[in-house]
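K.L.:
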Amino acid sequence: GSLIVAADPKDLKRKVWASLTKGIDKEQASSQLLDGYIEASSNLRVRDAGQVGTDIGLEQRGLNTTLRGSPQLTVWHKFNNGTEELLQLTTATLYRFVDGVDEWFYVPAVATTVFGTEAGSQTAISVTDSAGFAADDFVGITLDDGTQHQTTIATNGVVNTLLYDNQSGNFTVGQIITGGTSGATGTIATDVDDGATGTLTLTGITGTFQTNEQITDPVTGVADTNGIVAFVITIDDALPSQAANTDFVKAVDLVGAVTQPVCSVPWKPNDWIVFNNAVDEPIRYNGTLCIDMPGLSFGGTTITKCRWITAAHNQLLMFSTTEGGTAYPSRVRGCDIADGTDWDDTSGSSFYEDIPEPVGEGMRAEPFGDGVALYFDEGLIFYEYINSATALWRYRTVTQQDGLKAPMALVALPGMHMFLGHQDVYTWKGGVTFGAAGREGTLETSIPIGRSAISALLTGPTAIVDASVMQQSYMANIPALREAWLVCPNSAGVLNILFRYYLPNRSWLIRTLPGTFVNATGSKRVSGTTWGELQTAGTKWSDLVSTTWAGFTSEAAESLLCRTDSAMVAAHSALAGDDFDTAIQWSITLGDVREPPFRIHSQMIDIFAKGATITVELSEDSEASWIDLGSVTPLSTLSRLRKHANKSGTGLQIRLSGAGQTVIEGVALTYTLDTLET
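Going by our numbering, the sequence shown opens with residue 912, and the numbers climb by one from there.
#1: Does the distance from the CB of ARG1551 to the CB of ILE1518 come in under 9 Å?
#2: Beta-carbon within less than 7 Å of VAL1163's beta-carbon, same chain only, minus the 5 sequence neighbours each way: which residues are those?
#3: Look up GLN971 in the DSSP assignment and give the residues it is bridged to.
#4: For LEU1540, which residues of its own chain have a beta-carbon under 7 Å away from its beta-carbon, when the five flanking residues on both sides are left out?
#5: How about ASN1156 and ASN1137: do their beta carbons lie closer than 9 Å?
#6: Can you give the Cα-Cα distance for PRO1205 and MET1229, rounded to whole angstroms?
#7: Threshold first: 3 residues or longer. Then list the beta strand (DSSP E) segments lying entirely within the stretch 1081-1114, N to C.
#8: Here's the rule: buried if 16 or more other CB atoms are within 10 angstroms of the residue's CB, otherwise exposed. What is PRO1400?
#9: Label ILE1389 either buried or exposed according to how many other C-beta atoms from any shown protein chain fall within 10 Å of its C-beta, with 16 as the threshold for buried.
#10: Let me know the secondary structure DSSP gives SER1429 once reduced to three states.
#11: I need the boundaries of the alpha helix (DSSP H) containing SER952, first residue and last residue.
#12: Only counting runs of 3 or more residues, tell me where the beta strand (DSSP E) segments fall wholly within the stretch 1492-1528, in order along the chain.
#13: Would you list, in sequence order, the uninterrupted beta strand (DSSP E) runs of no fewer than 3 residues that lie entirely inside the stretch 1172-1238?
#14: Just to check my reading of the structure: ALA1348 and THR1338 have Cβ atoms closer than 8 Å, yes? What is that Cβ distance to the nearest angstrom?
#15: Run the CB neighbour count on GLN943, radius 10 Å, all protein chains shown included, and call it buried at 16 or more, exposed below.
#16: Does DSSP classify MET895 as helix, strand or coil?
#17: According to the Cβ coordinates, are VAL1169 and TRP1178 closer than 9 Å?
#18: Assign GLU995 to buried or exposed, taking buried as 16 or more other Cβ atoms, counted over all protein chains shown, within 10 Å of its Cβ.
#19: Count the CB pairs spanning the stretch 1313-1327 and the stretch 1377-1392 that are closer than 8 Å, and state whether there are at least three.
#20: Helix, strand or coil: which one does DSSP assign to GLY1541?
#21: Can you pull the DSSP bridge partners for THR1170?
#22: With respect to the beta strand (DSSP E) encompassing LEU1321, which residues constitute its N-terminal and C-terminal limits?
#23: Is LEU978 helix, strand or coil by DSSP?
#24: Evaluate ASP922 with the Cβ neighbour count: other Cβ atoms within 10 Å of its Cβ, from every protein chain shown; 16 or more gives buried, anything less gives exposed.
#25: With DSSP as the reference, label VAL910 as helix, strand or coil.
#26: In the DSSP assignment, what residue or residues form a beta bridge with GLN1312?
#27: Using the Cβ count rule (16 or more neighbours within 10 Å means buried), how would you classify SER1513?
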């Protein structure tokens, strides 16, 4: 065996991690990590000034609403008149967020209003019109307190009644009555005949009947109306409080699936936002009503769904369509110029094209530069806008090097796309190949440059993800944090591993989300101090010395994530330090310190940090086991914390961990070398 003899004299040596912001690098051995890189991390993010710190927290949005279906997509949209709405697409319907009452309201597919005043406890609600409503519909009724009562229409719950008098001929059920003055029509469902007077219930009403006009049916019925049609809708759950002349809406009906990709695209020519869930027909919302995309049936063609939809050069573009029950996985369809209602390819500028290249199944279409990148599962095609006399678009093959693994696992960043391929996370900057994210060279060549720092965590024997459900992965751009997010399923198939890419440093860190999150959307500024408020009378510069401009921009923004359990929609907000009021558990593991052939003998560990208590651990055997050295408690400002450690090994590793908000700037290990004799 070996005999350890202490070196004499013992010269103190130091390993200093002056910065920890280069992130994880799993492509290098732990003992060979370059300055700034780390072995592992959990729930930390890169902060300004070369520091890492506990991630900001999550808090629920829409606390007072139980959503129908599973949340799939949250998006901010601004209409042409400047009105802005926060919208939530679920597998079952579409919602809009009403901040004042912290509720998600149904976006209307059909809308009417409460007629007059209905008191709390009522189930039979008079409305101004019942057209488009039917039994079992999901409906929302705005109450006088500003909230929305969400319920369903009872069986046989839609009743349209018309009183009559001066009857001179009996009406026949099933016949259509016509107003002599108004021309309005309706089909007789029932007739309560009291002689000269009576009550008709009607279906399929068109137009508006007038009071005291003559109505007739084509058989014998003749009478005068005694008032106008009264529309009554009976709901299953009584009103909890009064509703007077308020909105009564039918919810959008969808049959989406969490296993399918979802997307949205703003469309200014028609002032819409278009949603697509790859199951239903695409739907469009104009700020008033949300209906199926018009114009999808023409000639002998009916477009029933597509995998993705985007917009470029004044055209909406569908990718990978299903038409008349037949799937066309490489088809691109475009609407007419500036008209999302016209998809007929026999007229105008509407068109379709099937890409004949052997690049597999169409996954996603994403604008890039002067065209659209068509991502397939086995390659990339660039759809170039040429605007010639014979064609608006033409394609060219970029690469068959790799393809897009998951339709939603792509994010558009300034000057490039970042996406999840089958082997790695790549960037594409318009060249002839992909670069590994974080390893991009100065120029792209026909050979990919390097592998990303997290490649080994995505594929192969050290992967921490479930490869069988990786198609549910997704990405998001988070401008406020200068990050791109990639969320993947963990080894148990739960979508909760967040790989966060810090753009300034091209560095990767990992966050474990508290639950299953199926989508995320970019940052949005929330309520707080505005620039206008800073200019109000009485505001002095001295009042602002402790804040920064970032405090009114980046730090006042939040990103939204869709969670499948009871928390539903969560805001990733600088205003939240915890995850749903639970302290965030974090950890960071530094690289292995080795100096072969010597053993390393630790003396002390110095930590430069602030915030919550930090637990310090040391490993002598490459993370096979950890020795708890106790904890240190930082101050509220950055300070040096010291922990003595008299341990020896062929290599030494440090792990720091804690719960709550903590900021770490640097770490130093003081050690000596012990000679190794054989």
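All C-beta atoms in this analysis are idealised placements derived from N, C-alpha and C, irrespective of residue type, glycine included. Since this is a predicted model, take the numbers as computed values, not measurements.
P.N.:
Taking the definition as stated:
#1: yes
#2: THR1004, LEU1005, VAL1018, ALA1020, ILE1194 and CYS1201
#3: ALA1481
#4: VAL1527, GLU1528, LEU1529, LYS1554 and ALA1556
#5: no
#6: A straight-line Cα-Cα distance of about 14 Å links PRO1205 and MET1229.
#7: 1087-1090 and 1096-1104
#8: buried
#9: buried
#10: Rather than Ser, the amino acid found at residue 1429 in this sequence is Val. Three-state DSSP puts VAL1429 in a strand.
#11: Premise fails: SER952 lies in the beta strand (DSSP E), 951-953, not in any alpha helix (DSSP H).
#12: 1496-1500 and 1510-1522
#13: The stretch 1172-1238 contains these whole beta strand (DSSP E) runs: 1174-1178, 1183-1187, 1194-1196, 1201-1203, 1212-1223 and 1226-1234.
#14: 5 Å
#15: exposed
#16: Examination of residue 895 is not possible in this model, given that the chain is present from 912 through 1589 alone.
#17: no
#18: exposed
#19: yes
#20: strand
#21: The partner list for THR1170 (beta bridge, DSSP) is empty, contrary to what the question assumes.
#22: 1321-1324
#23: coil
#24: exposed
#25: No answer is possible for residue 910: the residues shown for the chain start at 912 and end at 1589.
#26: GLN1312 is not bridged to any residue.
#27: With 16 or more other Cβ atoms inside 10 Å of its own Cβ, SER1513 counts as buried.
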